[in-house]
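Participant: Please see the structure below; I have some questions.
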Amino acid sequence: MHLPTFNAVLNLTSTLLLTLGFVFIKKKNVTAHRICMGLAFMTSTLFLVSYLYYHYNAGSKPFLGMGWVRPVYFSILLTHTLLAMAIVPLVLVTLRHALKGNFPAHQKWARWTWPIWMYVSVTGVVIYWMLYRM
């Protein structure tokens, strides 16, 4: 499989797991929430390793789109990149609170972490689509 495609699949998988984790915690199904969020963390970690490996070896691919789609792409890319840098420490702090059983702090951090993590995962797929499929 083409590594950027693999990375997009990992991002999509993370998005689905994050969504399921959210639904499960709203339904008070803590066990299913833990499983989904743990899998989302592992999937996102695998994505990050694969992404860094690919870009270290292959460099970057220029965006060739023209017209109105160009500023749209770069706006998405900019916000995605900035939030992707922020999400790593946010996820680690949120996860640490959960693993220590400090659930009030976990919930406080998760209110910020989850939507940012979702945005980064979804826009990762959008960026892939715009770069390789448009």
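Residue numbers for the sequence shown follow numbering that gives the first Met the number 0, so the first one is 0 and each next one is one higher. Glycine residues also receive a C-beta, built at the ideal position from the N, C-alpha and C atoms.
How should methionine 36 be labelled, buried or exposed, when 16 other C-beta atoms within 10 angstroms of its C-beta is the threshold for buried?
Facilitator: Counting Cβ neighbours within 10 Å, methionine 36 comes out buried, since at least 16 surround it.
Participant: Less than 9 Å between the C-beta atoms of leucine 130 and phenylalanine 46, yes or no?
Facilitator: Taking 9 Å as the Cβ cut-off, leucine 130 and phenylalanine 46 do not qualify as a contacting pair.
Participant: Apart from the five residues on each side of it in sequence, which residues of its chain come closer than 6 Å, Cβ to Cβ, to alanine 7?
Facilitator: Taken in chain order, the residues that qualify are Val124 and Tyr127.
Participant: Whole angstroms is fine: what's the gap from tryptophan 108's alpha carbon to proline 114's?
Facilitator: Tryptophan 108 and proline 114: Cα-Cα distance of roughly 11 Å.
Participant: Distance, Cα to Cα, phenylalanine 21 vs phenylalanine 40?
Facilitator: Going by the C-alpha atoms only, they are around 14 Å apart.
Participant: Hey, could you find the ends of the alpha helix (DSSP H) methionine 84 is sitting in?
Facilitator: Here the alpha helix (DSSP H) through methionine 84 covers 68 to 98.
Participant: Within 10 angstroms of its Cβ, does leucine 81 collect 16 or more other Cβ (buried), or is it exposed?
Facilitator: Answer is exposed; the Cβ neighbour count stays below 16.
Participant: Could you compute how far the alpha carbon of threonine 112 sits from the alpha carbon of threonine 42?
Facilitator: Spanning the two alpha carbons is a distance of roughly 16 Å.
Participant: So, threonine 12 versus methionine 117, is the Cβ gap smaller than 9 Å?
Facilitator: No, the pair does not count as a contact, with Cβ atoms beyond the cut-off.
Participant: Does the distance from the CB of methionine 133 to the CB of glycine 64 come in under 9 Å?
Facilitator: A contact, by the Cβ cut-off of 9 Å.
Participant: Check for me: the alpha helix (DSSP H) holding asparagine 6 runs from which residue to which?
Facilitator: 2 to 25 is the extent of the alpha helix (DSSP H) around asparagine 6.
Participant: At the level of alpha carbons, what is the spacing between tyrosine 50 and leucine 38?
Facilitator: Roughly 18 Å separates the two Cα atoms.
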